[in-house]
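Engineer:
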Amino acid sequence: MRFLADLHVHSKYSRATSKDMDLANMASWAKAKGLKVVATGDFTHPDWFFNIKTQLKEEGNGLLSLREPVRGEDYPVEVQPGEVYFILSVEVSLIYNLGKRVRKIHLVVLAENLEDAQSINSVLAARGNLQADGRPTFGMDTKEFIELVKSAAPSAGIIPAHIWTPWFSLFGANSGFDSIEECCGDLAEHILALETGLSSDPPMNWRLSSLDKYTLVSNSDAHSPANLGREANLFDTELSYKGIIQAIKTRKGFLKTIEFFPEEGKYHYDGHRNCGVRLSPKDAIRLKNLCPVCGKPLTVGVAHRVEVLADREEGYRPENAVDYQHLFPLQEIIAKAQGKGKHSKSVMEAYFSAINYLGDEFSILTRTPLEEIRRVLGPRVGKAVENMRQGRVRVEPGYDGVYGVIDPFGEEETIQDTLF
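This is the structure we're talking about:
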């Protein structure tokens, strides 16, 4: 079965997350986006785990579905039980000292059933406060965490999250490692996959030969329902936990990843937000990674970090690599076409009108005939979708926590290497 899955999101119990990130809203927006499988997120949080157990039911295939329908008058899109499935997931934060440095690593954990999730919760509850945050923090190293999770639930999947972001990731410039083995030691074999994150895409990761043996996945890390599916994974396999895990392991039935334009990620280039400085890696290196305005160290971005660790030139593609596709959210295309905010009333009305007449967002962005898009959303939106499909977009890279800008309306591409 062909389906789209987003394996990393957060619930309303995580910090800086929308109060609308409940199961009904998640299911409704997942259907609007075209997701068949969406992560629960945050299963370690006691209150959220109670919601999962009472509002979802296990289907016997490692996935869960709604117990009751989601009504269209209360939520954006009506959803019947069985139309959207959930996979148990949580992101954890590990903060510890190793090699005379403070390490800050985020990992995504997938569980096959409620019993396994409960077993993981039991062992982790003895090591930290699960009530404090939907993304709990533990003072243990990565090896110890892998051992604990695998002992509690052998079928659990462990995925290092957004592996290139500077502050909390496997390869983060400020707190990470230079290799997976340095981080995980002899337990690296238990790593299911690597999550590219919003600020990198597969071609950037293909520059490191050491990553060839790991499958690359892409997920939204959504903190609000509208951001579900902004990155996702397209499978053609059995609709089950085992089917998804096996497809990731073998890359058979794993068709492609759906990618944010990495330049839009808020840690793509180097820079200083407070000083308004954005620099390409080559310019940052020329300035010895110091801000030309204040003289302090720059926040080193993903592109720079990849450049430092890469042992291949740009453009290399491994033989068994999973395909990928860059997409720009439909809601943001409509907002740019109207010259309004993406949450404005007219934008939301146009967005859900398109979903109603044309189908889910993923279908609209990838295969709906352009003449149909123009008929429902107007020629400007149709042109933007055409440009995106052909890769004709203007990009301004993000830096130091500032999202980049992607303009899909056909202007000549202008990447500024140095902006002061």
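Under our numbering, the first residue of the sequence shown is numbered 772, with each subsequent residue one higher.
All residues carry an ideal CB built from backbone N, CA and C; glycine is no exception.
What you are looking at is a predicted structure, and each value in this text was computed from that prediction instead of being measured.
1. Who are the Cβ neighbours of K984 in its own chain at under 6 Å, not counting the five residues just before and after it?
2. With C-beta atoms as the reference, is P1052 less than 7 Å away from A1074?
3. What are the uninterrupted segments assigned as beta strand (DSSP E) that are 3 or more residues long and contained completely in the stretch 1080-1146, given in chain order?
4. Over the uninterrupted alpha helix (DSSP H) stretch that includes V920, give me the two end residues.
5. Should Y985 be listed as close to the ligand ZN, given that the test is whether its C-beta is under 6 Å from any heavy atom?
6. Going by C-alpha to C-alpha distance, which of E830, L869, D791, F1031 sits closest to L1010?
7. State the Cα-Cα distance for the pair V841 and D793, rounded to the nearest angstrom.
8. Determine, using beta carbons only, whether A803 and H779 come nearer to each other than 7 Å.
9. Going straight from the alpha carbon of R786 to that of S946, what length do you get?
10. Where H1097 and I934 are concerned, what is the direct C-alpha to C-alpha distance, given to the nearest angstrom?
11. Would you kindly work out how many angstroms separate the C-alpha atoms of P1168 and S922, rounded to a whole number?
12. Using DSSP with H/G/I as helix, E/B as strand and the rest coil, what is G1153?
13. Below 8 Å CB to CB, which residues in the same chain sit around F1123 once its five sequence neighbours on both sides are set aside?
14. Measuring only the C-alpha atoms, how far is T913 from C955?
15. If you drop the 5 nearest sequence neighbours on each side, which residues of the same chain put their C-beta closer than 6 Å to that of L806?
16. Which of the three DSSP states, helix, strand or coil, is assigned to I934?
17. Spell out the partners DSSP gives Y1170 in its beta bridges.
18. Assuming P852 contacts R838 (C-beta within less than 8 Å), just tell me the rounded distance between them.
19. With a cut-off of 8 Å, do at least 3 Cβ pairs link the stretch 1143-1151 to the stretch 1014-1030?
20. Quick check on F820: does DSSP put it in helix, strand or coil?
21. Does DSSP classify G805 as helix, strand or coil?
22. Which first and last residues belong to the alpha helix (DSSP H) in which N1192 is found?
23. Just reading off the alpha helix (DSSP H) that K1020 is part of, what are its end residues?
24. What separation, rounded to the nearest whole angstrom, lies between the Cα atoms of A1155 and G1036?
25. Does the stretch 962-978 come close enough to the stretch 1086-1095 to have 3 or more Cβ pairs within less than 8 Å?
26. Excluding five sequence neighbours on each side, which residues of the same chain lie with their C-beta closer than 7 Å to the C-beta of L1026?
27. Using only alpha-carbon positions, find the residue among M772, Y784, R773, K790 that is nearest to A997.
28. Using 8 Å for Cβ pairs, my map puts I951 next to I929. What's the rounded Cβ distance?
29. Distance check for M772 and N832, CA to CA, integer angstroms please.
30. Who are the Cβ neighbours of V920 in its own chain at under 7 Å, not counting the five residues just before and after it?
31. Buried or exposed: D949, going by 16 or more other Cβ atoms within 10 Å of its Cβ?
32. For D883, which residues from the same chain have a beta carbon less than 6 Å from its beta carbon, with the 5 sequence-adjacent residues on both sides left out?
33. Return the first residue and the last residue of the alpha helix (DSSP H) that A1055 is part of.
34. Could you check where the alpha helix (DSSP H) with E952 kicks off and where it finishes?
35. What would DSSP say about T825, mapped onto helix, strand or coil?
36. Look at the alpha carbon of R1057 and the alpha carbon of T936, and state the distance between them as a whole number of angstroms.
Structural biologist: According to the data block:
1. Around K984: no qualifying Cβ.
2. yes
3. 1094-1097
4. 913-923
5. The ligand ZN is absent from the structure shown, which contains no ligand whatsoever.
6. The shortest C-alpha separation from L1010 is found at E830.
7. Answer to the nearest angstrom: the Cα atoms are 12 Å apart.
8. No; because the gap between Cβ atoms is not below 7 Å, this pair is not in contact.
9. Roughly 21 Å between the two C-alpha positions.
10. 19 Å
11. Taking the straight line from one Cα to the other gives about 42 Å.
12. Reduced to three states, the DSSP call for G1153 is helix.
13. A803, P847, V848
14. 6 Å
15. L775, D777, G1000
16. coil
17. Y1040, V1173
18. 7 Å
19. no
20. helix
21. Taken through DSSP and simplified to helix, strand or coil, G805 comes out as coil.
22. Lying before the first or after the last residue shown, residue 1192 is absent from the chain, which here runs from 772 to 1191.
23. For K1020, the enclosing alpha helix (DSSP H) begins and ends at 1012-1021.
24. 20 Å
25. yes
26. L1005, F1006, D1007, D1094
27. K790
28. Actually they are not in contact, since the Cβ atoms of I951 and I929 sit about 12 Å apart, beyond 8 Å.
29. 14 Å
30. V880, I891, A927, I929
31. When all chains shown are included, D949 counts as exposed.
32. Residue identity differs from the one stated: residue 883 is Glu in this sequence, not Asp. Taken in chain order, the residues that qualify are G833, S926, Y1012.
33. Its alpha helix (DSSP H) spans residues 1052-1057.
34. 951-955
35. helix
36. 22 Å
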